[in-house]
Structures are given as C-alpha cells and as structure tokens.
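Q: Handing you this structure, nothing more for now.
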Amino acid sequence: MSQTQLIDDISAVLRRHGDAAMRGDEPLEAVARTWIDAGFDDAEEVEAWLLARCFTADGALMLERAGITAEQASILTNAGTTNDEDTIGHKLTHGNLSPDEARRIITSRFWNT
720 MSQTQLIDDI SAVLRRHGDA AMRGDEPLEA VARTWIDAGF DDAEEVEAWL LARCFTADGA
780 LMLERAGITA EQASILTNAG TTNDEDTIGH KLTHGNLSPD EARRIITSRF WNT
C-alpha cells in the first residue's frame with residue numbers, strides 16, 4: 720500500500736471518530752501522519768485505538784508500550800480519580816487511572832470471564 724493510500728485510509732478513520740480524533744484545526748493528513756510516525760501503519764489498528772477512546776497516537780503508543788492492547792484499553796471502568804465510566808484507555812491517557820490500576824482491572828476481567 721502506498722503512503723498516500725495509507726494516509727487517506729487513516730484520515731477516513733479519524734474523520735469517522737470526529738473532533739476528538741481530528742484535533743481541531745490541524746490538517747487531517749498531518750494527524751494521520753502522527754499515527755504513521757508512531758508506528759501505526761494499519762487503519763484498522765488506528766480504528767481499534769480510537770474505539771478504545773485513545774484519541775492520540777502518543778496515547779496509544781504509551782499504552783502499547785505498557786503492554787496494554789487496544790482491546791484491553793476499551794474495557795469500561797469507574798475506577799480512577801473520576802467516578803465517571805469510561806474506557807481504561809481514555810482514563811489512562813488523561814491521567815485519571817494509573818497503569819497499576821489498569822493492569823489490575825485487566826487481570827481481574829481475564830480471570831473472571
């Protein structure tokens with residue numbers, strides 16, 4: 720797949736996820752390139768992270784490096800510094816949940832399913 724096609728595919732995914740994924744006035748192609756530069760070279764993978772409410776490539780990369788998959792990041796929780804229900808990924812990337820708390824939730828879910 721060409722770089723241009725990849726940028727177009729990721730841009731389409733970002734557009735479907737709205738303002739949070741598109742980052743305001745920044746050109747959509749530039750946002751798509753941040754995902755590619757972070758090593759996310761598959762539009763489906765970007766989609767998985769966006770579905771987990773990880774709206775930046777840096778946030779998704781941080782979670783991936785911590786050993787958390789997009790599927791795990793999409794688990795809903797009330798844990799953390801806010802009582803609202805949101806995904807592990809969103810809470811972690813916004814500092815509302817610690818990595819240790821996230822791992823505990825993920826492990827608990829694994830053993831209880």
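Letter by letter, the sequence shown follows residues 720 to 832 in the numbering used here. Using N, Cα and C, we set each Cβ at its ideal position, and we do this for glycine too. The structure displayed is predicted, hence computed values, not measured ones.
(1) Contact between the region 752 to 762 and the region 770 to 780 is defined here as three or more beta-carbon pairs at a separation below 8 Å; is this criterion met?
(2) Assign PHE759 to buried or exposed, taking buried as 16 or more other Cβ atoms, counted over all protein chains shown, within 10 Å of its Cβ.
(3) Give the straight-line distance between the Cα atoms of GLY798 and ARG735, rounded to the nearest whole angstrom.
(4) Assign ARG784 to one of two classes, buried (16 or more other C-beta atoms within 10 Å of its C-beta) or exposed (fewer than that).
(5) Express the C-alpha separation of LEU795 and ASP805 in angstroms, rounding to a whole number.
A: On the basis of the supplied data:
(1) yes
(2) Here residue 759 refers to the residue found at position 40 when the sequence shown is read from its first residue. Buried, since its Cβ has 16 or more Cβ neighbours within 10 Å.
(3) Position 79 of the sequence shown holds residue 798. Position 16 of the sequence shown holds residue 735. Gly is not the amino acid found at residue 798; the sequence shown has Ala there. Spanning the two alpha carbons is a distance of roughly 28 Å.
(4) Here residue 784 corresponds to residue number 65 of the sequence shown, with the count starting at 1. The residue in question, ARG784, is exposed, as its Cβ has fewer than 16 Cβ neighbours within 10 Å.
(5) Residue numbering aside, residue 805 sits at position 86 when the sequence shown is read from its first letter. Residue numbering aside, residue 795 sits at position 76 when the sequence shown is read from its first letter. One C-alpha to the other measures close to 5 Å.
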